[in-house]
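**Q** Residue numbers (this note's numbering): 13 to 291. Shown below is the structure under consideration.
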Ligand SMILES: [Ca+2]
Ligand SMILES: [Ca+2]
Ligand SMILES: [Ca+2]
Ligand SMILES: [Ca+2]
């Protein structure tokens, strides 16, 4: 088995699939090595900021983007007070150049993606209190935001194209339900019958080898991404964070879950079980 890079991309080539890729990817590599895998390239450099250290590259609320207008590097930071900050790199340090209006709740995550399918990337910002905002990636004006009372609480969000139309969908757990929301036409296209979901981490990938994607919720639910059937409800959580990797060479991605911020368990979703400690 060969792993080309520990930072992997989704089908659109966007590395946000695992926003916390660096440290977690390193852990995945060790897991793969323990199972006899081979590593083609070393782990990538740490977060490319002067003097930067620690877990910056794992934060869902911190992104580096390069302005297409000025060419300058900008740091986007969402804070717990409900504000988005933009810092621009100037002579080796950073300077705040913009601060948002109040987003009505702690900022839970930021995605950099073309959410409305116009070939330009936007910032997608969501808050714990049920709001999400699409912002212009250059001037940070709000292009659109959802109405205030649609959702009370969003516990997790992910962006992926899970159906036949070209645009991406927002996939999120709100008020206990899994919601699929069209990013271009801006409507809720599906919600789950289950009403007590508590996922704090979502991934999409073909984890049972049938050629179709599943939506994986870290609280143990597996849905067919396209037809949205509940395929499996594991009695066991898949961890606080998850990664997908084929670590046993059977051509099927395993779910690797991180528990207690460090310990890993590996799940064969096709076999509906956790891998045993020894073969
Ligand atoms: Ca766009
Ligand atoms: Ca779509
Ligand atoms: Ca599948
Ligand atoms: Ca496998």
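Where is the CB? At the ideal position from N, CA and C, for every residue including glycine.
Got a sec: is the Cβ-Cβ distance from residue 182 to anything in chain D below 8 Å?
**A** Looking at the structure shown, chain D is missing, and only one protein chain is on hand.
**Q** Classify residue 105 as buried or exposed, calling it buried when 16 or more other Cβ atoms lie within 10 Å of its own Cβ.
**A** Within the chain shown, the letter at position 93 stands for residue 105. Exposed, by the Cβ-count rule.
**Q** Is it buried or exposed for residue 81, if we count other Cβ within 10 angstroms and need 16 for buried?
**A** For the purposes of this step, residue 81 is taken as residue 69 along the chain shown, with counting starting at 1. The residue is exposed, with fewer than 16 neighbouring Cβ atoms inside 10 Å.
**Q** Does the Cβ of residue 275 have 16 or more other Cβ atoms within 10 Å, making it buried, or fewer, making it exposed?
**A** Against the chain shown, residue 275 aligns to sequence position 263. Residue 275 is exposed by the Cβ-count criterion.
**Q** Give a yes or no on whether the C-beta atoms belonging to residue 122 and residue 72 are separated by under 8 Å.
**A** Here the question's residue 122 lines up with position 110 in the chain shown. Here the question's residue 72 lines up with position 60 in the chain shown. A contact, by the Cβ cut-off of 8 Å.
**Q** Measuring CB atoms only, is the segment 192-202 touching the segment 214-221, in the sense that at least three cross pairs come out at less than 8 Å?
**A** Verdict: no, contact absent.
**Q** Just the C-alpha distance for residue 289 and residue 89, rounded to the nearest angstrom, thanks.
**A** Within the chain shown, the letter at position 277 stands for residue 289. Within the chain shown, the letter at position 77 stands for residue 89. Near 40 Å, if we compare the C-alpha coordinates of residue 89 and residue 289.
**Q** For residue 140, does the three-state DSSP call read helix, strand or coil?
**A** Along the chain shown, read from residue 1 onward, the residue named residue 140 stands at position 128. In this structure, residue 140 counts as coil in the three-state DSSP scheme.
**Q** Between which two residues does the beta strand (DSSP E) containing residue 109 stretch?
**A** Mapped onto the chain shown, residue 109 falls at position 97. Run containing residue 109: 105-111, per the beta strand (DSSP E) assignment.
**Q** Give the single residue among 241, 133, 272 and 283 whose Cα lies nearest to the Cα of residue 179.
**A** Your numbering for residue 179 matches position 167 in the chain shown. Looking at the Cα atoms, 133 is the closest of the given residues.
**Q** Thinking just about the alpha-carbon of each residue, which of 129, 131 and 166 is nearest to the one in residue 137?
**A** As a first step, residue 137 is located in the chain shown; it is residue number 125 there, counting from the start. Closest by alpha carbon: 166.
**Q** Pull up the CB-CB distance for residue 230 and residue 252, whole angstroms please, since I reckon it's below 8 Å.
**A** Translated into the one-based positions of the chain shown, residue 230 becomes position 218. Translated into the one-based positions of the chain shown, residue 252 becomes position 240. Contact holds; Cβ gap of about 7 Å.
**Q** Please determine whether the Cβ atom of residue 373 lies at a distance below 7 Å from any heavy atom of ligand 4.
**A** Given a span of 13 to 291 for the chain in the structure shown, any question on residue 373 remains unanswerable.
**Q** Helix, strand or coil for residue 148, going by three-state DSSP, please let me know.
**A** Residue numbering aside, residue 148 sits at position 136 when the chain shown is read from its first letter. Looking at residue 148 - three-state DSSP - the assignment turns out to be strand.
**Q** Mapping DSSP to helix, strand and coil, what is residue 69?
**A** In the chain shown, counting from the first residue as 1, residue 69 sits at position 57. Residue 69: helix per DSSP, three-state reduction.
**Q** Are the CB atoms of residue 254 and residue 215 nearer to each other than 8 Å?
**A** Walking along the chain shown from the start, residue 254 turns up at place 242. Walking along the chain shown from the start, residue 215 turns up at place 203. Result yes, Cβ atoms of residue 254 and residue 215 sit closer than 8 Å.
**Q** In whole angstroms, what separates the C-alpha of residue 225 from that of residue 59?
**A** Taking the chain shown and counting its residues from 1, the one referred to as residue 225 is at position 213. Taking the chain shown and counting its residues from 1, the one referred to as residue 59 is at position 47. Going by the C-alpha atoms only, they are around 31 Å apart.
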